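Beneath this line is the structure, given in structure tokens, with notes to follow.
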Amino acid sequence: MTDFNQPVGGNDLARFSGPGTFMRLPSASALNGLDVAILGIPMDIGTSWRSGTRFGPKQIRAESAILRPYNMATGAAPFDCLQVADIGDLAINTFSLPESIRIISDSYDAILKQNVIPVAMGGDHTITLPILRSIARKYGPVALVHVDAHADVNDHMFGVRETHGTVFRRAWEEGLIQPDKTYQIGLRGTGYGPDDFAEAQGWGFQQFPAHELWGQSLSDLGAEIRRDIGARPTYVTYDIDSLDPAFAPGTGTPEIGGLTTPQALQLIRALAGVNIVGCDLVEVSPPYDPSGNTGLTGANLLYELLCVLPGVTRR
Ligand code: MN
Ligand code: MN
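Pasting the structure below:
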């Protein structure tokens, strides 16, 4: 156990001090020897409404300082089993979305070459497109668990085809994902017409609108998805706006009537056993939640994702 990187403990160094990494884990500049690389992608130039997600990684890291290594509910002890480090932020070009997309994909190709599981802190949801391009180069088309208020399947936004609202249409067109193993959970809000989300069902996407999930546990849905995926390599992309704005107001495109924090935990915990090859938590926009609660929730959901990665055992 001492062979693995450990977060700095709150009884060794006061929580409000020490390294500014995720959970105060060691930072790493080299990838070799890591099982999991946590990284920030501080970008908001792909957003269509409120910006601010460029500050997401910084706030998620700051709020993550309260997290302890052992999962009291599930018994998962990720830092007993995996070598995890924070590899810092990608050097995106904040003046060019296409250039940033290329930088993300190049960086992911390098990470994946080392057989490291990338866990990203966004950033707006655009980041998931170049990530999936790299993931598909390595694994082929993957199963996709996509938790979001929005389907993000627009064809373009102002004529631009790569934005935070077009990611999963591009992923489908480019064959990056297995359409019938793509699960969109938490969809809701107003639309332009009845086909806004429904077109993607025609591609094979399995959609679970928020209103069908209100007031119920997501443990069963998560287990159903786990069984349906089987052993396929799977990517999990978690848009914080899947949560109700009461729980996560700090985001760019809030929609009322969303999922609850306990539902988020039920869903993620039910994915234990899935062959997750990468994941991200996107769309935390700190300027819209100075309380830090959205960042805190994002940090916890990333921790819960760590707890269900392949190889994590339970004490
Ligand atoms: Mn999204
Ligand atoms: Mn969204």
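Note that this note's numbering has the sequence shown beginning at 13, numbered continuously upward. Beta carbons are placed, not taken as given, at the ideal position from N, Cα and C, and that holds for glycine. Fair warning: this is a prediction, and the values are worked out from it, not measured in the lab.
(message) Would you say the beta carbon of Asp251 is closer than 6 Å to some non-hydrogen atom of ligand 1?
(response) Remark: the shortest separation between the CB of Asp251 and any heavy atom of ligand 1 falls under 6 Å.
(message) Just to confirm before moving on: does the CB-CB distance between Leu188 and Leu144 stay below 7 Å?
(response) Result yes, Cβ atoms of Leu188 and Leu144 sit closer than 7 Å.
(request) Find the nearest neighbour of Ala97 within the set Ala222, Leu141, Ile123, judged by alpha-carbon distance. (result) Selected option, being the one with the closest Cα: Ile123.
(request) Evaluate Ser146 with the Cβ neighbour count: other Cβ atoms within 10 Å of its Cβ, from every protein chain shown; 16 or more gives buried, anything less gives exposed. (result) A residue is called buried once 16 or more other Cβ atoms fall within 10 Å of its Cβ, and Ser146 is buried on that count.
(request) May I ask whether a heavy atom of ligand 2 can be found less than 6 Å away from the beta carbon of Thr265? (result) Remark: the shortest separation between the CB of Thr265 and any heavy atom of ligand 2 falls under 6 Å.
(request) Give the secondary structure of Arg326 by DSSP, where H, G and I count as helix, E and B as strand, and everything else as coil. (result) Strand.
(request) Flag His137 as yes when its Cβ comes closer than 6 Å to any non-hydrogen atom of ligand 1, and as no otherwise. (result) Indeed, a heavy atom of ligand 1 lies less than 6 Å from the Cβ.
(message) With H, G and I counted as helix, E and B as strand and the rest as coil, what does DSSP make of Leu156?
(response) Note: Leu156 maps to strand in three-state DSSP.
(message) Any contact between the segment 272-281 and the segment 218-238? By contact I mean 3 or more CB pairs, one from each, below 8 Å.
(response) Yes, the segment 272-281 is in contact with the segment 218-238.
(request) May I have the straight-line CA-CA distance separating Arg281 from Glu186, to the nearest angstrom? (result) Spanning the two alpha carbons is a distance of roughly 30 Å.
(message) For Met13 and Gln95, I'd like the C-alpha separation in whole angstroms.
(response) Confidence at Met13 is low in this model, with a pLDDT of 46, below 50, so its placement is unreliable and the value that follows should be read with caution. Per the coordinates, the alpha-carbon of Met13 lies some 10 Å from the alpha-carbon of Gln95.
(request) Please confirm whether any heavy atom of ligand 1 lies closer than 6 Å to the CB of His223. (result) Checking every heavy atom of ligand 1 against the Cβ of His223, none is found closer than 6 Å.
(request) Could you tell me which of Ala155, Ala258, Asp232 sits nearest to Thr194, measuring between CA atoms? (result) Nearest option by C-alpha distance: Ala155.
(request) Assign Val324 to one of two classes, buried (16 or more other C-beta atoms within 10 Å of its C-beta) or exposed (fewer than that). (result) Only buried fits Val324, as 16 or more other CB atoms lie within 10 angstroms of its CB.
(request) Output the distance between the C-alpha atoms of Ala163 and Gln196, rounded to the nearest integer angstrom. (result) Rounded to whole angstroms, Ala163 to Gln196 spans 7 Å at the Cα level.
(message) ligand 1 and His162: does the residue's C-beta get closer than 6 Å to at least one heavy atom of that ligand?
(response) Within the cutoff, so yes.
(request) Please report the Cβ distance between Val131 and Leu314, rounded to the nearest whole angstrom; I am assuming they are in contact, meaning their Cβ atoms lie under 8 Å. (result) Contact annotation, Val131 with Leu314: C-beta distance approximately 6 Å; criterion of less than 8 Å satisfied.
(request) Return the chain-ordered ranges of every beta strand (DSSP E) run that is complete within the segment 256-282 and spans a minimum of 3 residues. (result) The segment 256-282 is shown to contain no whole beta strand (DSSP E) run of 3 or more residues.
(request) Tell me, please, whether the segment 257-271 touches the segment 50-67 by the rule of three or more beta-carbon pairs shorter than 8 Å. (result) In this structure the segment 257-271 lies against the segment 50-67, because at least three pairs of beta carbons, one per stretch, are closer than 8 Å.
(request) In the DSSP assignment, find the unbroken alpha helix (DSSP H) run with Val179 in it and report its ends. (result) Unbroken alpha helix (DSSP H) run through Val179: 179-185.
(message) So for Asp164, helix, strand or coil by DSSP?
(response) If DSSP states are grouped into helix, strand and coil, Asp164 belongs with coil.
(request) Take Ala260 as the anchor and find which of Ala161, Leu25, Pro31, Phe107 has the nearest alpha-carbon. (result) Measuring from the Cα of Ala260, the nearest candidate turns out to be Ala161.
(request) Name, in chain order, the residues that DSSP records as bridge partners for Pro221. (result) Bridge partners of Pro221: Leu199.
(request) Compute the Euclidean distance between the alpha carbons of Ile116 and Thr138, then round it to the nearest angstrom. (result) Whole-angstrom Cα-Cα distance: 10 Å.
(request) Would you kindly work out how many angstroms separate the C-alpha atoms of Pro19 and Asp208, rounded to a whole number? (result) For Pro19 and Asp208, the distance between alpha carbons rounds to 43 Å.
(request) Can you tell me the Cβ-Cβ gap for Leu308 and Cys291, rounded? I've got them flagged as a contact below 8 Å. (result) With a Cβ gap of about 18 Å, Leu308 and Cys291 do not count as contacting.
(request) Grab me the residues of Gly304's own chain with a C-beta within less than 6 Å of its C-beta, minus the 5 sequence neighbours each way, in chain order. (result) For Gly304, where only same-chain residues beyond five positions count, the Cβ hits under 6 Å are Glu75.
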